[in-house]
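Engineer:
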Amino acid sequence: MEEKGIPKEFHSFETNAPFEQCIECEKYLLDDDTEYIIEKAVKNYEGYSAKDIVFDYAICMDCAETMRKEISKESWESMMRYFQENIDIQSRLEMHNQSPEEGLKSCMIKKTQLNDCGEYQIYAHCKGNKINMENPPYMISGEVMEELLPLLSDKTIDEMNGFLDKHFSPDPSLMEPTPPRLILV
Ligand SMILES: [Zn+2]
496 MEEKGIPKEF HSFETNAPFE QCIECEKYLL DDDTEYIIEK AVKNYEGYSA
546 KDIVFDYAIC MDCAETMRKE ISKESWESMM RYFQENIDIQ SRLEMHNQSP
596 EEGLKSCMIK KTQLNDCGEY QIYAHCKGNK INMENPPYMI SGEVMEELLP
646 LLSDKTIDEM NGFLDKHFSP DPSLMEPTPP RLILV
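If you want this note's numbering, it's the position in the sequence shown, counting the first as 1, plus 495.
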């Protein structure tokens, strides 16, 4: 499978360059064989001419695995079932042969165009400084988050919020009630 460089959409908001470290254990990520996940939540603003990065991070596979174990089995199975029932397998398979940016143009589940999403999250599975196209990058609209959250247990939502609070303490002047956000490592 052809290897692709990491598109700027997945660069760190802070450094404007590829992520170099795991957010949890600080492992260096850009060695050739190191696999990791990048997740980014973005808010489109009025008229959607401006964007706000809600959070972004990279996490190594070991830490992602640890997080997965903290999610309750029931919540995990509900999420997997939701994806199985709602993903268009054919278009997901076609993404393997497209550019990594292609999957970011519309919601993988709802097909909503990115510019029509008030909020969205994007994911990439990377290996060193390349995108792993065996698991192509994708985008999930805010609408999907809203459908997924009720499927999760309170404990799982607490775990996810705990992770975000630990790494992204919000600027107090910007504090507003925000809905819980999904971590889909
Ligand atoms: Zn790690």
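For each residue, glycine too, the CB sits at the ideal point set by N, CA and C. Only a predicted model underlies this, so the values are computations on that prediction, with no experimental measurement involved.
1) Given that a residue counts as buried once 16 or more other Cβ atoms are within 10 Å of its Cβ, and exposed if not, what is K535?
2) Which value, in whole angstroms, describes the spacing of the CA atoms of Y615 and Q608?
3) Scan the region 530 to 597 and note each continuous alpha helix (DSSP H) run of 4 residues or more that stays entirely inside, going in chain order.
4) Quick one: measure Cβ to Cβ for P502 and P631, integer angstroms, because I've assumed they're closer than 8 Å.
5) Pull up the DSSP beta-bridge partners for M603, would you.
6) Put P672 into one of helix, strand or coil per three-state DSSP.
7) Check whether the Cβ atoms of N581 and I604 sit closer than 9 Å, and answer yes or no.
8) Return the residue from the list V549, I635 and H620 that minimises the CA-CA distance to S664.
9) Assuming K622 is part of the alpha helix (DSSP H), what are its boundary residues?
10) Just tell me which of I533, K622 and W571 has its CA closest to the CA of E654.
11) Please state the DSSP three-state secondary structure of I518.
12) Taking 9 Å as the cut-off, decide whether the C-beta atoms of G623 and D551 are in contact.
13) Please work out which residues of its chain come closer than 6 Å, Cβ to Cβ, to E565, disregarding the five sequence neighbours upstream and downstream, and give them in chain order.
14) If H662 and I532 are in contact, beta carbons under 8 Å, what's the gap, nearest whole angstrom?
15) State buried or exposed for E671, treating a residue as buried only when at least 16 other CB atoms are found within 10 Å of its CB.
16) Does DSSP put I652 in a helix, in a strand, or in coil?
17) May I ask which residues mark the beginning and end of the alpha helix (DSSP H) holding M640?
18) Less than 9 Å between the C-beta atoms of S601 and M640, yes or no?
19) What do you reckon, are the CB atoms on N627 and E521 nearer than 9 Å?
20) Specify which residues have a beta carbon nearer than 7 Å to any heavy atom of ligand 1, listing them in chain order.
Structural biologist: With the structure as the only source:
1) When all chains shown are included, K535 counts as buried.
2) Distance between Y615 and Q608, taken at the CA atoms: about 10 Å.
3) Secondary structure remark: continuous alpha helix (DSSP H) runs of at least 4 residues inside the region 530 to 597, in chain order: 556 to 565, 568 to 581 and 584 to 589.
4) Contact doesn't hold; Cβ gap of about 12 Å is too wide.
5) Residue pairing by DSSP leaves M603 without any beta bridge partner.
6) Low confidence applies to P672: its pLDDT is 46, below 50, so where it sits in the model is not reliable enough to give any reading.
7) It is a contact, given that the beta carbons lie within the stated cut-off.
8) Closest in alpha carbon position to S664, among V549, I635 and H620, is V549.
9) No alpha helix (DSSP H) holds K622; the beta strand (DSSP E) holding it covers E614 to K622.
10) Check the Cα spacing between E654 and each of I533, K622 and W571: the tightest is with W571.
11) DSSP places I518 in coil when its eight states are reduced to three.
12) In this structure, D551 does not lie closer than 9 Å to G623 by Cβ.
13) Cβ neighbours of E565 beyond the five flanking positions: E654.
14) 14 Å between Cβ atoms; not a contact.
15) Below a pLDDT of 50, predicted positions are generally treated as unreliable, and E671, at 49, falls in that range; the measurement from the model is reported next regardless. Counting Cβ neighbours within 10 Å, E671 comes out exposed, since fewer than 16 surround it.
16) Residue state, collapsed to three classes: helix.
17) Unbroken alpha helix (DSSP H) run through M640: G637 to L643.
18) A distance of 9 Å or more separates the beta carbons of S601 and M640.
19) Not a contact, by the Cβ cut-off of 9 Å.
20) The set of residues whose C-beta lies within less than 7 Å of a heavy atom of ligand 1 reads, in chain order, C517, E519, C520, K522, I554, C555, D557 and C558.
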